[in-house]
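Note sheet for the following structure.
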Amino acid sequence: MSDPFVVVQEDVVSAFEQARTLLASWRMLDQKMRTPQEENEYQFVTDELYSTLTSVESDLVDLQEAVDAARHTPADYGLSGSQIAERQNFVASKRQAVEDMRHILTQPDAKKGSRSTGLRDTYSDRGNVIHGHHRRHSASREHNVEVGNYQEQHQVLMDQQDQQFDSMLDTVRNLHGIASTMNTELEDQAILLDDVGSLMDRTQSKLSSARKKVDKFLRDKNNRSIYIVLVLFLVILVLLLLIIFT
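Take the position in the sequence shown, starting the count at 1, then add 102; the result is the number in the working numbering.
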């Protein structure tokens with residue numbers, strides 16, 4: 103959404119350039135003796151110039167009211183102090199330029215006498231009447247539109263900030279969920295490692311017990327073998343003795 107102040111500012115700049123062009127034509131016609139056709143052209147240019155200046159002044163009034171509102175509550179318009187000062191300088195400079203143009207139009211010309219002076223006074227009075235009428239009827243309405251546009255822009259900015267905040271909050275929630283899941287997985291892995299360690303301890307204990315049993319079995323087996331050999335030796339010895347003495 104475009105800034106309403108900038109839109110009106112561009113209109114003022116465009117109208118002011120048009121006023122400069124009209125003023126250049128007015129000066130050229132004002133500085134010479136005019137034919138009837140040139141007199142008509144002179145009157146037309148003068149009328150157009152006053153009308154353009156009146157329109158610019160009306161727009162500058164609206165811009166000044168917008169600047170005053172922004173200066174009173176800058177947070178509502180999202181403007182910094184330097185931006186407000188820059189807009190105030192623009193309004194002041196253009197207002198001074200319009201006043202300078204009006205001063206040029208109302209200056210008496212010694213070469214033209216009272217006729218030109220009276221004509222300028224007539225157009226000056228006409229411009230003042232037009233300006234006052236236009237200002238009374240449009241300033242309030244256009245100011246309300248300007249303020250409404252600024253409030254709408256401020257609301258859009260607030261909505262965008264709310265959306266960004268909600269998005270950031272969702273991201274934080276997602277990160278919290280991921281962290282919780284990772285913590286749970288780490289705890290499960292720690293429990294699994296403890297179980298594996300306990301299983302290894304039990305397995306090692308069983309292996310030690312089995313090894314001891316095997317060693318005992320081998321020792322017992324060796325002892326029985328010796329006894330059997332001794333018994334067999336004795337039996338054979340007895341048999342030999344019986345054979346010898348019989």
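Ideal Cβ placement from N, Cα and C applies to all residues, glycine included.
Every value quoted in this text rests on a predicted model; they were computed, and no experiment measured them.
In this structure, L131 places its C-beta atom within 8 Å of the C-beta atom of V147.
One Cα belongs to D296, the other to R313, and the distance between them is close to 26 Å. Comparing alpha carbon positions, the residue from E159, E188 and L165 closest to V200 is E159. Annotation for D164: the continuous alpha helix (DSSP H) segment containing it runs P138 to H174.
Between T286 and D178, the alpha-carbon positions lie close to 47 Å from each other. Here R204 is buried, its C-beta having at least 16 other C-beta atoms within 10 Å. For D105, there is no enclosing alpha helix (DSSP H), since its DSSP letter is neither H nor E. Distance from the CA of E143 to the CA of D113, rounded to the nearest whole angstrom, comes to 26 Å. Taking the Cβ atoms as the reference, A121 lies roughly 5 Å from T154, within the contact range of under 8 Å. With 16 or more other Cβ atoms inside 10 Å of its own Cβ, R189 counts as buried.
In the structure shown, T123 falls within a helical segment according to DSSP collapsed to helix, strand and coil. Scanning its chain for C-beta atoms nearer than 6 Å, with the 5 sequence neighbours on each side dropped, one finds no residue around L288.
Here DSSP, grouped into helix, strand and coil, assigns Q133 to coil. In this structure, DSSP gives S327 a helical state, which the three-state scheme calls helix. Taken atom to atom, the span from the alpha-carbon of I206 to that of H174 is near 36 Å. The alpha-carbon separation between T137 and G183 amounts to approximately 54 Å. Judged by DSSP secondary structure, Q185 falls within the alpha helix (DSSP H) whose first and last residues are G183 to T208. For the 8 Å CB-CB criterion, L165 and L124 do not form a contact. Contact check for V169 and I186: beta-carbon distance about 6 Å, within the 8 Å limit, so the pair qualifies. In the displayed model, G180 falls within coil according to three-state DSSP, outside both helix and strand. Rounded to the nearest whole angstrom, the CA to CA distance from S307 to K315 is 12 Å.
Minimum Cα-Cα distance from N191 among the listed residues R326, Q111, G299 and T208 corresponds to Q111.
Note on geometry: alpha-carbon atoms of Q139 and D202 lie some 28 Å from one another.
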